[in-house]
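S.K.: Here the numbering used here is used: position 272 in the sequence shown is 370, and no number is missing along the way.
C-beta: ideal position from N, C-alpha, C; glycine also.
Predicted, not measured: the structure shown is a model, and the values here were computed from it.
What follows is a single structure, and I will ask about it in a moment.
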Amino acid sequence: MNFKKIALVAAGAALVIAVLLVSSLRSASGGSAMGGMSMAPGEAMQGEKSMTGMQMQGMAPLAPGADGTRATADGLTLELDATTPSAGQPETWTLRVLDAEGRSVTSFERDQTKLMHLIVVRDDFTGYQHLHPVLKPDGDFVVPVTLGQPGRYRVIADFTTLGKRYPLGVDISVPGKVKRVPLPAPSSMSSVDGYSVMSAHGALKVDREEQLTFAVMRSGRPVTDLQPYLGTYGHLVALRKPDLAYSHIHPVADDRRAGTITFDAEFPTAGTYRLFLQFRAEGAVHTAPFTVEVE
């Protein structure tokens, strides 16, 4: 085996990724590349500030107190009808949004083509699912769900009504022996379904607009045929450790020729976050997770 040749090929692929990311960063930021292409190291203290600071252009404003950590915010309550789930068994869930008088809300506005985005994730950030419940005339949303492993899960319904976004969350437990998975260390590379995804950004700081660019590669080459997903070429969710506070971040730029997608985000507190990037290629949706530290 020619190890020297393998090393040269790997180095060449890394150089291609770096060039693509710098080019995309310059394009998205109007000519100046972001400093650095690595995750910001270092553990920071967890703050008390809400994730509601992380909202992007083109999105309705967040309702006060709505960050996915509670079922009620700004007069609306998320209600989940679900039997005690069994690991690996398909279930049908019914969700509804109630106003302060206990009446079902029936009018919703679309965000990224959907009336509701439902995020389901175990409290160790595994088992991530992004689902889209269907609205019935009576205001109930229904969705099929399968929870793969025992443990405690956060269920976050992200919807827009009356001009405001409401990420509301409830917890549900799957009985059985729980095998927790340690959170991976920060890394600028994630691999999923044969794709390699590299992230590029500077040191992430609290209360500052940050630009996050992701380059999608396959076999060392940029994926130039990303397909639309929910009206864009990428979908990004951020969850904060340890409370699973949530933010749904919209992309601000993409370069299909380079296989890159760029997002703007503002992190309201220092600490550890788990990012879930979704993109569509070859007719399937792929999810690439990243761990980042915010100073």
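In this structure, how does DSSP classify residue 271 when only helix, strand and coil are distinguished?
M.R.: Residue state, collapsed to three classes: strand.
S.K.: Reducing DSSP to helix, strand and coil, say where residue 238 ends up.
M.R.: Coil at residue 238, not helix or strand.
S.K.: Does the distance between the C-beta of residue 205 and the nearest non-hydrogen atom of the ligand NAD fall short of 7 Å?
M.R.: As presented, the structure is devoid of all ligands, the ligand NAD included, so that no description of it is given.
S.K.: Who does residue 174 pair with in a DSSP beta bridge?
M.R.: The partner list for residue 174 (beta bridge, DSSP) reads 171.
S.K.: Give me the DSSP bridge partner(s) of residue 312.
M.R.: Bridge partners of residue 312: 297 and 359.
S.K.: Looking at C-beta atoms only, is the number of pairs between the region 264-275 and the region 157-177 that lie closer than 8 Å three or more?
M.R.: Output reads yes: the region 157-177 touches the region 264-275.
S.K.: According to DSSP, what are the bridge partners of residue 376?
M.R.: In DSSP, residue 376 forms a bridge with 333 and 385.
S.K.: In or out: residue 296 buried (at least 16 other Cβ within 10 Å) or exposed?
M.R.: With 16 or more Cβ atoms within 10 Å of its Cβ, residue 296 is classed as buried.
S.K.: Classify residue 308: buried if its beta carbon has 16 or more other beta carbons within 10 angstroms, exposed otherwise.
M.R.: Under this definition residue 308 is a buried residue.
S.K.: Figure out for me which residue from 192, 391, 269 and 377 has the closest Cα to the Cα of residue 289.
M.R.: Minimum Cα distance to residue 289 is reached at 377.
S.K.: According to the Cβ coordinates, are residue 219 and residue 229 closer than 8 Å?
M.R.: Result no, Cβ atoms of residue 219 and residue 229 do not sit closer than 8 Å.
S.K.: Roughly how many whole angstroms lie between the Cα atoms of residue 275 and residue 164?
M.R.: Answer to the nearest angstrom: the Cα atoms are 32 Å apart.
S.K.: Since residue 238 contacts residue 208 with CB under 8 Å, what's their CB separation in whole angstroms?
M.R.: Wrong, their Cβ atoms sit about 18 Å apart, outside the cutoff.
S.K.: If you follow the beta strand (DSSP E) that residue 251 is part of, which residue opens it and which one closes it?
M.R.: It spans 249-259 - the beta strand (DSSP E) in which residue 251 sits, taken as one unbroken run.
S.K.: Within its chain, find whatever has a CB closer than 6 Å to the CB of residue 126; leave out the 5 residues flanking it on each side and keep chain order.
M.R.: With a pLDDT of only 43 at residue 126, under the threshold of 50, the placement of this residue in the model should not be trusted, and no figure is reported.
S.K.: What span of residues does the beta strand (DSSP E) with residue 215 cover, start to end?
M.R.: Element bounds for residue 215: 214-220.
S.K.: What separation, rounded to the nearest whole angstrom, lies between the Cα atoms of residue 231 and residue 366?
M.R.: If you take the alpha carbons of residue 231 and residue 366, they lie about 29 Å apart.
S.K.: Considering only residues of the same chain and omitting the five flanking positions on each side of residue 340, which have a CB-CB separation below 6 Å?
M.R.: Closer than 6 Å at the Cβ level, and outside the excluded window around residue 340, lies no residue.
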